[in-house]
Amino acid sequence: MTQKNDSYQLRKNQLRIVLWGVAVCLLVLPWVAMQFTSEVAWTLADFVIFGGLLAGTGIAFELVFQQGGDSDFRWGAGVALVTAFVLVWVNGAVGIVGSEGNVVNLMFLGVVGIGATGAFVARFRPRGMALAMIFTAVVQALVGGVVLVWGLGSSGGSWPFDVLFLTGFFVFLWLFSAWLFWRASKE
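Once you know that position 186 of the sequence shown is 251 in this note's numbering, the rest is easy, because the numbers rise by one and skip nothing.
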């Protein structure tokens, strides 16, 4: 039994090192790009905000890994955290509707708030998390639908494909996370 626990701890520590290494690389990548092109022009505030986003996501991963437990639960939490991270990152970097400065994009950030609230209400239990992620997926679809029906981003290059694609992509990820949590609730 001790050997199994030691093996699990080793894999867990290796994964932690990889995840924090990826976070550092993601933070350094824009700085490296700035050395070679003027297309990337981050300010100190950009690095601080992105670093905070990476750190917050990393700490959330740490909390999930500290809990141990079922691998489906950990994978479900990982998918949800990555989905939230990417949604906030895309929204802040380029925006889903128009540019990052378009206030309509705040609705998409609200989806992450709904997901986080649902997780707290569910007290991070697998079945409740599955329901929270399903509800988050529904809200994501509703926000995308509102943007499309009301034409809130219709003045842009790839309208409405960008909103349709990104909404579908995030809905799929939220539902995939829900499925993993649902599997965890059955074990």
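Just so it is clear, CB atoms sit at the ideal spot from N, CA and C, and this is done for glycine as well.
Note down, in chain order, each residue of its chain lying with its Cβ closer than 8 angstroms to the Cβ of residue i, except the 5 sequence neighbours on either side.
i: residue 174; result: 152, 153 and 156
i: residue 127; result: 81
i: residue 85; result: 123
i: residue 211; result: 172 and 217
Taking the alpha helix (DSSP H) that residue i belongs to, which residues open and close that run?
i: residue 213; result: 191 to 214
i: residue 154; result: 136 to 158
i: residue 244; result: 226 to 251
i: residue 106; result: Careful: residue 106 lies outside any alpha helix (DSSP H) and carries neither H nor E.
i: residue 174; result: 170 to 186
Suppose contacts are defined by Cβ-Cβ distances below 8 angstroms. Is residue i in contact with residue j by that definition?
i: residue 213; j: residue 225; result: yes
i: residue 218; j: residue 169; result: yes
i: residue 161; j: residue 227; result: yes
i: residue 246; j: residue 180; result: no
i: residue 191; j: residue 250; result: yes
i: residue 172; j: residue 208; result: yes
i: residue 130; j: residue 81; result: yes
i: residue 187; j: residue 178; result: no
i: residue 122; j: residue 92; result: no
i: residue 248; j: residue 71; result: no
i: residue 118; j: residue 150; result: yes
Quick one: what's got a C-beta closer than 6 angstroms to residue i's C-beta in the same chain, skipping five residues either side?
i: residue 98; result: 105
i: residue 135; result: 249 and 252
i: residue 88; result: 119 and 123
Buried or exposed for residue i, please, with buried defined as at least 16 other CB atoms from any protein chain shown within 10 angstroms of its CB.
i: residue 74; result: exposed
i: residue 158; result: exposed
i: residue 120; result: exposed
i: residue 183; result: buried
i: residue 110; result: exposed
i: residue 232; result: buried
i: residue 176; result: buried
i: residue 201; result: buried
Considering only residues of the same chain and omitting the five flanking positions on each side of residue i, which have a CB-CB separation below 7 angstroms?
i: residue 235; result: 148, 152 and 205
i: residue 238; result: 144 and 148
i: residue 116; result: 92
Taking 7 angstroms as the line, does the beta carbon of residue i fall inside it for any heavy atom of the ligand ATP?
i: residue 203; result: This structure does not include the ligand ATP; it has no bound ligands of any sort.
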